[in-house]
Amino acid sequence: MNWWFGGLNAAPDRAAALASYRALAARYDASCRLIEHLRLVAIDALALQPGETVYDVACGTGAVLPVLAQRVGADGRVIGIEQSPDMAERAAGRFAGSALPPNVTLLIAGVEEAQPSALADALLFCYTHDILQSPRALDNLLAHARPGARVAVLGLRLLPWWWGAPINLWKLWRGRHYRTTSRGLREPWALIASRLEALQVQRFFHLGTSYLAVGRVA
Ligand SMILES: C[S@@+](CC[C@H](N)C(=O)[O-])C[C@H]1O[C@@H](n2cnc3c(N)ncnc32)[C@H](O)[C@@H]1O
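If you want it as structure tokens, here you go:
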């Protein structure tokens, strides 16, 4: 029952996340069909320019690494950060010939400790609930961002319980292997919002159970 009771107050749990994503990696992409177009909306919100550096925070299997690489061009940089070697292996194999293009770097590390080699002009968080609940992770990432860097956060949130209870229960159960804490799921953006100049929840999708929030580093 950790997905429901315990998970509502638990801190993110790295060992549990690594074990979950080891089991999920092979079928992860197939399980994400419904959110593929939302990731592109989040990328559009970053308004990436050629030559910029973008972090794909917790890039998972690297579904959007090729799009990001194309948006920042040969003179830009995409830095995917991912702690699960099983997910990162798939990200690395996503490119033709299985070699990363020169403008893409994959850091296999927790975002709490990752030391990207270039400052970010933009940061993408797609379905990274555990990270959004970790002050250490956010502080480390934002310490590597340029002032004014754009931030787009796409993810799942819970609906008001008084009318959304059945949908919430379904979402909690459905996503139980994809996060290790359910803390903050009503307003998952709250912690990062307190660290940014202005984070606005711009849009909701899927009956309001997914959100896109966009802001800037102070
Ligand atoms: C739901 S997946 C999202 C993956 C990808 N962003 C996407 O849109 O498909 C969450 C990812 O976050 C990674 N993750 C969780 N906690 C992390 C941390 N502290 N540091 C780095 N990666 C983390 C997991 O290994 C997993 O690949």
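For what it's worth, the numbering used here labels the leading residue of the sequence shown as 17, then goes sequentially.
A virtual CB, placed ideally from N, CA and C, is assigned to each residue, including glycine.
It should be emphasised that the depicted structure is a prediction, and the values quoted were computed from it without experimental measurement.
Residues near residue i in its chain [Cβ-Cβ closer than 8 Å; skip 5 each side]
{"i": "Pro163", "result": "Val233, Ala234"}
{"i": "Gly126", "result": "Arg30, Gln99, Ala153"}
{"i": "Ala107", "result": "Cys75, Gly76, Thr77, Gly78, Leu81, Gly96, Glu98, Leu122"}
Heavy atom of ligand 1 within 6 Å of residue i beta-carbon
{"i": "Gln149", "result": "no"}
{"i": "Gly126", "result": "yes"}
{"i": "Ser100", "result": "yes"}
{"i": "Gly164", "result": "no"}
{"i": "Tyr143", "result": "yes"}
{"i": "Tyr71", "result": "no"}
{"i": "Gly76", "result": "yes"}
{"i": "Ala39", "result": "no"}
{"i": "Tyr194", "result": "yes"}
{"i": "Ala33", "result": "yes"}
{"i": "Ala79", "result": "yes"}
Cβ-based neighbour list, residue i, same chain, cut-off 6 Å, excluding 5 preceding and 5 following
{"i": "Tyr227", "result": "Arg173, Val217, Phe220"}
{"i": "Arg38", "result": "Asp102"}
Residue j beta carbon less than 7 Å from that of residue i
{"i": "Val70", "j": "Leu81", "result": "no"}
{"i": "Leu207", "j": "Gly231", "result": "no"}
{"i": "Ala85", "j": "Val120", "result": "yes"}
{"i": "Gly180", "j": "Pro204", "result": "no"}
{"i": "Arg166", "j": "Ala209", "result": "no"}
{"i": "Pro28", "j": "Thr196", "result": "yes"}
{"i": "Asp102", "j": "Ala41", "result": "yes"}
{"i": "Gln149", "j": "Arg190", "result": "no"}
Beta-carbon proximity list for residue i, same chain, < 7 Å, skipping 5 on both sides
{"i": "Pro66", "result": "Val88, Gly89, Asp91, Gly92"}
{"i": "Leu158", "result": "Arg211, Val233"}
{"i": "Val73", "result": "Ile97, Val127, Leu139, Leu140, Phe141, Thr144, Ile147, Leu157"}
{"i": "Asp13", "result": "What the structure shows of the chain is the stretch from 17 to 234, and residue 13 is not part of that stretch, so it cannot be assessed."}
Inter-residue CB distance, residue i and residue j (contact presumed, cutoff 8 Å)
{"i": "Leu175", "j": "Thr225", "result": "6 Å"}
In chain order, each beta strand (DSSP E) run of at least 3 residues that lies wholly inside the region 141 to 179: Runs found: 161 to 172.
Taking only runs that begin and end inside the region 79 to 131, name each unbroken alpha helix (DSSP H) of 4 or more residues, in chain order. As far as the region 79 to 131 is concerned, its whole alpha helix (DSSP H) runs of at least 4 residues are 81 to 88, 101 to 108.
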